[in-house]
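Visitor: Take a look at this one; I'll ask things after.
In this note's numbering, the protein residues as written are 127 to 306.
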């Protein structure tokens with residue numbers, strides 16, 4: 127079942143609104159001096175839910191929904207990246223952004239939805255050599271996810287070593303690794 131072209135536009139608008147509101151809420155809370163640990167937890171929880179929906183929407187858009195293992199692997203890569211980034215914040219006290227991060231990922235998905243709106247979802251099934259464009263995009267995205275995970279892991283390890291194995295709270299910097 128192929129979705130209508132307008133679904134790409136609806137996804138694009140929804141993702142843009144989500145991204146914009148996610149960036150504004152924390153800034154507004156800090157400006158009004160109403161930020162709280164619960165608000166930060168809620169924000170990161172919403173980011174995790176958005177990441178899951180983003181992975182599902184991405185794979186459905188490029189016509190790869192028949193490969194649930196790849197979608198699951200991408201979701202796990204995204205969740206692991208979020209977890210490692212938050213772990214690094216726990217260790218260093220600062221939330222660090224990278225060259226390829228959430229905003230860039232969401233922007234790529236918005237562009238993909240715009241292309242689907244313009245050309246239809248059949249575009250992703252166009253053959254290039256022995257692959258479809260959707261398969262090539264999925265491969266490229268998987269490679270970027272692996273690179274991002276390596277960069278985040280190296281940054282986390284560096285932060286742990288620089289802080290001599292302690293978090294900003296004075297506890298062990300290794301304790302969040304138990305849940306992995």
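Beta carbons are placed, not taken as given, at the ideal position from N, Cα and C, and that holds for glycine.
What did DSSP end up calling residue 253 once you bin it into helix, strand or coil?
Guide: For this step, residue 253 is matched to residue 127 along the chain shown. Here residue 253 sits in strand by DSSP.
Visitor: Bridge partners for residue 258 per DSSP, in chain order?
Guide: What you label residue 258 is simply residue 132 of the chain shown in a count that begins at 1. DSSP lists 253 as partners of residue 258.
Visitor: One question on the structure: do residue 286 and residue 299 come within less than 8 Å of each other, judged by their Cβ atoms?
Guide: To locate residue 286, count along the chain shown from 1; it is residue 160. To locate residue 299, count along the chain shown from 1; it is residue 173. Cβ atoms of residue 286 and residue 299: closer than 8 Å.
Visitor: Using DSSP's beta-bridge definition, name the partner residues of residue 298.
Guide: Sequence index remark: in the chain shown, residue 298 carries index 172 (1-based). In the DSSP assignment, the residues bridged to residue 298 are 292.
Visitor: Output needed for residue 246: all residues of its chain with C-beta closer than 8 Å, excluding positions within five of it in sequence on either side, in chain order.
Guide: Working through the chain shown from its first residue, we reach residue 246 at position 120. Excluding sequence neighbours, residue 246 sits near 128 and 131.
Visitor: Which residue's Cα is closest to the Cα of residue 221: 294, 306, 146 and 133?
Guide: Sequence index remark: in the chain shown, residue 221 carries index 95 (1-based). Residue 294 is the option with its Cα nearest to residue 221.
Visitor: Please specify which runs of the beta strand (DSSP E), each continuous and at least 3 residues long, are wholly inside the segment 153-197, giving them in chain order.
Guide: none
Visitor: Tell me, to the nearest whole angstrom, how far the beta carbon of residue 242 is from that of residue 176; I am working on the premise that it is less than 8 Å.
Guide: Within the chain shown, the letter at position 116 stands for residue 242. Within the chain shown, the letter at position 50 stands for residue 176. Not quite, the Cβ-Cβ distance comes to about 19 Å (not below 8 Å), so this is no contact.
Visitor: If you draw a straight line from the alpha carbon of residue 158 to that of residue 165, how long is it in whole angstroms?
Guide: The sequence position of residue 158 within the chain shown is 32, counting from 1. The sequence position of residue 165 within the chain shown is 39, counting from 1. About 13 Å.
Visitor: What do you get for residue 138, buried or exposed, if any count of 16 or more other CB atoms within 10 angstroms of its CB means buried?
Guide: Walking along the chain shown from the start, residue 138 turns up at place 12. It is buried - the Cβ of residue 138 has at least 16 other Cβ atoms within 10 Å.
Visitor: Sorted by chain position, which residues of the same chain lie with C-beta nearer than 6 Å to residue 161's C-beta, five sequence neighbours on each side aside?
Guide: To locate residue 161, count along the chain shown from 1; it is residue 35. Excluding sequence neighbours, residue 161 sits near 155.
Visitor: May I ask you to report which of helix, strand or coil DSSP gives residue 142?
Guide: Within the chain shown, residue 142 is the residue found at index 16, counting from 1. It is helical.
Visitor: Alpha carbons only, please: which of 258, 224 and 178 is nearest the one belonging to residue 270?
Guide: The residue given as residue 270 occupies position 144 in the chain shown. Out of 258, 224 and 178, 224 has the C-alpha closest to the C-alpha of residue 270.
Visitor: Sorted by chain position, which residues of the same chain lie with C-beta nearer than 8 Å to residue 291's C-beta, five sequence neighbours on each side aside?
Guide: Taking the chain shown and counting its residues from 1, the one referred to as residue 291 is at position 165. Answer for residue 291: 298, 299 and 300, listed in chain order.
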